[in-house]
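Single-structure report; data block below.
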Amino acid sequence: MLWQSPLELASERNIADLEVETFDRGDDTLYLLDGCQRLSTICGALFWEPNDDPRSYWNLVYDLAEERFLHREDLDDPPPHQVPLRLLPEPSDFFERVRDLPKDQYNKAKVLFERFTKYEVAVVTLEAMSFTEVGRIFERINTRGTPLTTVEFVRAATWTSEFDLLDAIDRVRGALARKHYGQIDRTLLLRSISAAAGLGFATKDIERLPTLAPETLTTAIDRTEDAARRAVDFLTTEIGTPTAAALPYANQLAVVIEIFAQLPKPDARQFAEVRRWFWKAALSGYYEGWNAKKMEADLSAVTAFAQRESKIIEVETVPLSTRQWLGQQYRRDTARTKAFALMLAAAGPLDLRTGQRIDTGRALAWTNDLQYHHFFPKAFLMREGLSYERANTLGNIVMMTAISNQAVADQAPAVYLQDEIDFSGEAEIRARLDTLLVPPRAFDAAMDGDYEGFLKARLDTLLDWASDLVHGAAIAEPITGEPDPEVTRHAMSVEVEDTATDD
Numbered sequence: 000m001l002w003q004s005p006l007e008l009a010s011e012r013n014i015a016d017l018e019v020e021t022f023d024r025g026d027d028t029l030y031l032l033d034g035c036q037r038l039s040t041i042c043g044a045l046f047w048e049p050n051d052d053p054r055s056y057w058n059l060v061y062d063l064a065e066e067r068f069l070h071r072e073d074l075d076d077p078p079p080h081q082v083p084l085r086l087l088p089e090p091s092d093f094f095e096r097v098r099d100l101p102k103d104q105y106n107k108a109k110v111l112f113e114r115f116t117k118y119e120v121a122v123v124t125l126e127a128m129s130f131t132e133v134g135r136i137f138e139r140i141n142t143r144g145t146p147l148t149t150v151e152f153v154r155a156a157t158w159t160s161e162f163d164l165l166d167a168i169d170r171v172r173g174a175l176a177r178k179h180y181g182q183i184d185r186t187l188l189l190r191s192i193s194a195a196a197g198l199g200f201a202t203k204d205i206e207r208l209p210t211l212a213p214e215t216l217t218t219a220i221d222r223t224e225d226a227a228r229r230a231v232d233f234l235t236t237e238i239g240t241p242t243a244a245a246l247p248y249a250n251q252l253a254v255v256i257e258i259f260a261q262l263p264k265p266d267a268r269q270f271a272e273v274r275r276w277f278w279k280a281a282l283s284g285y286y287e288g289w290n291a292k293k294m295e296a297d298l299s300a301v302t303a304f305a306q307r308e309s310k311i312i313e314v315e316t317v318p319l320s321t322r323q324w325l326g327q328q329y330r331r332d333t334a335r336t337k338a339f340a341l342m343l344a345a346a347g348p349l350d351l352r353t354g355q356r357i358d359t360g361r362a363l364a365w366t367n368d369l370q371y372h373h374f375f376p377k378a379f380l381m382r383e384g385l386s387y388e389r390a391n392t393l394g395n396i397v398m399m400t401a402i403s404n405q406a407v408a409d410q411a412p413a414v415y416l417q418d419e420i421d422f423s424g425e426a427e428i429r430a431r432l433d434t435l436l437v438p439p440r441a442f443d444a445a446m447d448g449d450y451e452g453f454l455k456a457r458l459d460t461l462l463d464w465a466s467d468l469v470h471g472a473a474i475a476e477p478i479t480g481e482p483d484p485e486v487t488r489h490a491m492s493v494e495v496e497d498t499a500t501d502d
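Listed below in structure tokens is the structure:
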């Protein structure tokens, strides 16, 4: 598969250690996208010239007696019935070699010659296609499903002996790795680089990066690295996301980076607005479908805010509603669950049994589910006849340490809450529940075994807290002790993927 393109891409100029002849095709170049291994094998076998390496891959012959290909490990002239494949491109040399062979071997040699000289290579040439279109086609036809990403295309189009885009992006990732944000998808960072260069977030904007002057691209990368450091500092201290994996929507990071690229040092009011915007977008699910239209709107909103043309980062989101926690299931890998967990962490939760601040960094790293608890245990509710889905709703989830979670197990709330009241007193338990966003009415309903009453009261409190965050409320200071080794391994192994569609 070939791609005809006017772009000057970094590419290999040899196949199987053989230099490829360059043809003048005017303004366009043909790039070999798929079939390189096949062509390398054929070219190496047919065009190798003996040198001082008898073990060369291409020291190949066809044995007419055994009717099979063989690899030789010497430079001696092979026996007559073994024909070097390098003779096949030159008919005179080939038939000079085989003319004195017995008739049956000579006829086999003719068949060998015809098989190669009459063989046709099917060629598909892609013309007038963008990086993304070519990449999608390649991924679909490649038998191993190997992706050919936009990052790889832009890297090839911008590569010089002094500059490698992949190295530059990985340098940014390395700078973020100290705060457990190193495994961000490269395409996401490329979106930020494109925006920092004055182009935009969309793929069509990224594809214009090769047209920039080298110094413009380098400046954009430096600007992105500095802004990304500030963005991660903001996310860890002002939002409470300890790792990249804790972000509900990875694409939102690209916009946060652009905010700090345009506004490196926000004042207190601007910081509050960025917090407000983050929570509004994250809790409403705005980034579930980050298409080209939203990308353009986001960039315009950020620019207007940074240039003080607007006091807010104005994006259109759906109104918050208790339905989003009642109708959503608790599944730790989903964006909705991650946004909900961030909201719980922002309230500064205390462990129900010990009264100690919960290490939200450990909880949000998602090494396991034991940092979360169904306030009405699933097993208990299902014994009462409720469905799994009704029991597993986000509105029934609280943060709790793993040890406390195991102690509570599947007991009825009235049982385990009474145990804690007997030990610590009702006022203390109610105070701890407040930090878990379980209000007095929900506590009373739980003590009465009224699950529906509990959900109604708690959902109202969740909505109130979400509204406070959306209106700029500051979060409780995160408690994140020394990184747990398991947490660190997880944070560094999970790559937060760019899922923007541009559609």
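Quick note: the sequence shown uses numbering that gives the first Met the number 0, first residue 0, plus one each step.
Glycine residues also receive a C-beta, built at the ideal position from the N, C-alpha and C atoms.
(message) On the DSSP letters alone, give me the boundaries of the alpha helix (DSSP H) that M294 sits inside.
(response) Reading the sequence shown from its first residue, position 295 is the one you call residue 294. Element bounds for M294: 291-305.
(message) Does S91 come out as helix, strand or coil in the three-state DSSP assignment?
(response) Residue 91 sits at position 92 when you count from the first residue of the sequence shown. DSSP, read as helix, strand or coil, puts S91 in helix.
(request) Put P439 into one of helix, strand or coil per three-state DSSP. (result) For the purposes of this step, residue 439 is taken as the residue at position 440 of the sequence shown. Of the three classes helix, strand and coil, the one that applies to P439 here is helix, per DSSP.
(request) Could you check which residue in M128, R185, F130, C42 has the C-alpha nearest to that of F115? (result) Residue numbering aside, residue 115 sits at position 116 when the sequence shown is read from its first letter. That would be C42, whose Cα lies nearest to the Cα of F115.
(request) Work out the CA separation of L380 and D166 for me, nearest whole Å. (result) The sequence position of residue 166 within the sequence shown is 167, counting from 1. The sequence position of residue 380 within the sequence shown is 381, counting from 1. When rounded, the distance between both Cα atoms is 53 Å.
(request) Output the distance between the C-alpha atoms of Q104 and P78, rounded to the nearest integer angstrom. (result) For the purposes of this step, residue 104 is taken as residue 105 along the sequence shown, with counting starting at 1. For the purposes of this step, residue 78 is taken as residue 79 along the sequence shown, with counting starting at 1. Computed Cα separation, rounded: 13 Å.
(message) Once the 5 residues before and after Q410 are set aside, which same chain residues still bring their CB inside 8 Å of it?
(response) Within the sequence shown, the letter at position 411 stands for residue 410. Correct list, in chain order: P376, F379.
(message) Does chain C have any CB closer than 8 Å to the CB of L319?
(response) Going by chain labels, chain C is absent from the structure shown, which holds only one protein chain.
(request) Report yes if the C-beta distance between P209 and V153 is below 8 Å; otherwise report no. (result) Numbered from 1 along the sequence shown, position 210 holds the residue referred to as residue 209. Numbered from 1 along the sequence shown, position 154 holds the residue referred to as residue 153. Cβ distance < 8 Å, so P209 and V153 count as in contact.
(request) For Y371, count neighbouring Cβ atoms within 10 angstroms of its own Cβ and tell me buried if that reaches 16, exposed if not. (result) Residue 371 sits at position 372 when you count from the first residue of the sequence shown. That one is buried.
(message) Residues in the same chain with beta-carbon distance under 6 Å from D443, minus the five sequence neighbours each way, listed in chain order, please.
(response) Sequence index remark: in the sequence shown, residue 443 carries index 444 (1-based). Correct list: empty, nothing qualifies.
(message) Three or more C-beta pairs under 8 Å: does that hold for the region 302-316 against the region 205-219?
(response) no
(request) Quickly, what does DSSP pair H372 with across the bridge? List them, please. (result) Numbered from 1 along the sequence shown, position 373 holds the residue referred to as residue 372. Answer is V397, bridged to H372.
(request) Could you name the residues that DSSP lists as bridge partners for D62? (result) One-based indexing of the sequence shown puts residue 62 at position 63. DSSP, once it has assigned bridges, lists R67, Q81 as partnering D62.
(message) Assuming Q306 and T392 are in contact, meaning their beta carbons sit under 8 Å apart, how far apart are those beta carbons, in whole angstroms?
(response) Position 307 of the sequence shown, counted from the start, is the residue given in the question as residue 306. Position 393 of the sequence shown, counted from the start, is the residue given in the question as residue 392. With 8 Å as the limit, Q306 and T392 do not qualify as a contact, their Cβ atoms being about 43 Å apart.
(request) Would you decide whether D447 is buried or exposed? Buried here means 16 or more other CB atoms lie within 10 Å of its CB. (result) Counting from 1 along the sequence shown, the entry for residue 447 is found at position 448. Answer is exposed; the Cβ neighbour count stays below 16.
(request) May I ask you to list the residues that DSSP assigns as paired with Q251? (result) Working through the sequence shown from its first residue, we reach residue 251 at position 252. For Q251, which the question treats as bridged, DSSP gives no partner whatsoever.
(message) The alpha helix (DSSP H) that contains Q323, what's its start and end?
(response) Reading the sequence shown from its first residue, position 324 is the one you call residue 323. Segment 322-325, the alpha helix (DSSP H) holding Q323.
(request) Give the DSSP-derived three-state secondary structure of T498 in the structure shown. (result) As a working note, residue 498 is residue 499 in the sequence shown. Looking at T498 - three-state DSSP - the assignment turns out to be coil, as it is neither helix nor strand.
(request) Could you tell me whether the Cβ atoms of A281 and Q251 are closer together than 8 Å? (result) Counted from its first residue, the sequence shown places residue 281 at position 282. Counted from its first residue, the sequence shown places residue 251 at position 252. It is a contact, given that the beta carbons lie within the stated cut-off.
(message) Out of T223, K264, R274, I258, which one is the CA nearest neighbour of I238?
(response) Taking the first residue of the sequence shown as 1, we reach residue 238 at position 239. Here the closest residue by C-alpha is R274.
(request) Taking T149 and F130 to be in contact with their CB atoms under 8 Å, please state how far apart those CB atoms are, rounded to whole angstroms. (result) Within the sequence shown, residue 149 is the residue found at index 150, counting from 1. Within the sequence shown, residue 130 is the residue found at index 131, counting from 1. About 5 Å separates the two Cβ atoms, so the contact holds.
(message) Rounded to the nearest angstrom, what separates W57 and D76 at their Cα positions?
(response) To locate residue 57, count along the sequence shown from 1; it is residue 58. To locate residue 76, count along the sequence shown from 1; it is residue 77. Distance between the alpha carbons of W57 and D76 is about 15 Å.
(request) Look at the alpha carbon of V60 and the alpha carbon of L189, and state the distance between them as a whole number of angstroms. (result) Taking the first residue of the sequence shown as position 1, residue 60 is located at position 61. Taking the first residue of the sequence shown as position 1, residue 189 is located at position 190. V60 and L189: Cα-Cα distance of roughly 49 Å.
(message) Between the alpha carbons of L319 and D459, how many angstroms are there, rounded?
(response) Here the question's residue 319 lines up with position 320 in the sequence shown. Here the question's residue 459 lines up with position 460 in the sequence shown. Straight-line Cα distance between these residues: approximately 11 Å.
(message) Whether or not the region 243-257 and the region 348-357 are in contact is what I'm after, with contact meaning three or more pairs of Cβ atoms, one per stretch, closer than 8 Å; do they touch?
(response) no
(request) Can you say whether E7 is buried or exposed, counting buried as having 16 or more other CB atoms within 10 angstroms of its CB? (result) Here the question's residue 7 lines up with position 8 in the sequence shown. Counting the other CB atoms within 10 Å of its CB gives E7 a total below 16, which places it among the exposed residues.
(message) Please list the terminal residues of the continuous alpha helix (DSSP H) segment that includes W2.
(response) Residue 2 sits at position 3 when you count from the first residue of the sequence shown. No alpha helix (DSSP H) holds W2; the beta strand (DSSP E) holding it covers 1-4.
(request) Report the three-state DSSP secondary structure of T506 (helix, strand or coil). (result) There is no way to answer for residue 506, as the model of the chain reaches only from 0 to 502.
(message) Give the list of continuous beta strand (DSSP E) stretches no shorter than 3 residues that lie fully inside the region 105-137.
(response) 124-126
(message) Quick check on the burial criterion: 16 or more other C-beta atoms within 10 angstroms. Buried or exposed for T235?
(response) Reading the sequence shown from its first residue, position 236 is the one you call residue 235. Its Cβ being crowded by 16 or more others within 10 Å, T235 is buried.
(request) Would you decide whether Y118 is buried or exposed? Buried here means 16 or more other CB atoms lie within 10 Å of its CB. (result) Translated into positions along the sequence shown, residue 118 becomes position 119. With fewer than 16 Cβ atoms within 10 Å of its Cβ, Y118 is classed as exposed.
(request) Keeping to the same chain, check which residues put their C-beta closer than 6 Å to that of I192; ignore five residues upstream and five downstream. (result) The residue given as residue 192 occupies position 193 in the sequence shown. Cβ within range, chain order: A219, I220, T223.
(message) Please list the terminal residues of the continuous beta strand (DSSP E) segment that includes L349.
(response) Here residue 349 refers to the residue found at position 350 of the sequence shown. Unbroken run through L349: none, as it is neither H nor E.
(request) Below 8 Å on the Cβ atoms is my guess for L504 versus N395; work out the distance and round it to an integer in Å. (result) Nothing can be reported for residue 504: it is not among the residues displayed for the chain, which extend from 0 to 502.
(message) Taking its Cβ as the centre, do 16 or more other Cβ atoms sit within 10 Å of R431, making it buried, or is it exposed?
(response) As a position in the sequence shown, residue 431 is number 432, starting the count at 1. Buried, since its Cβ has 16 or more Cβ neighbours within 10 Å.
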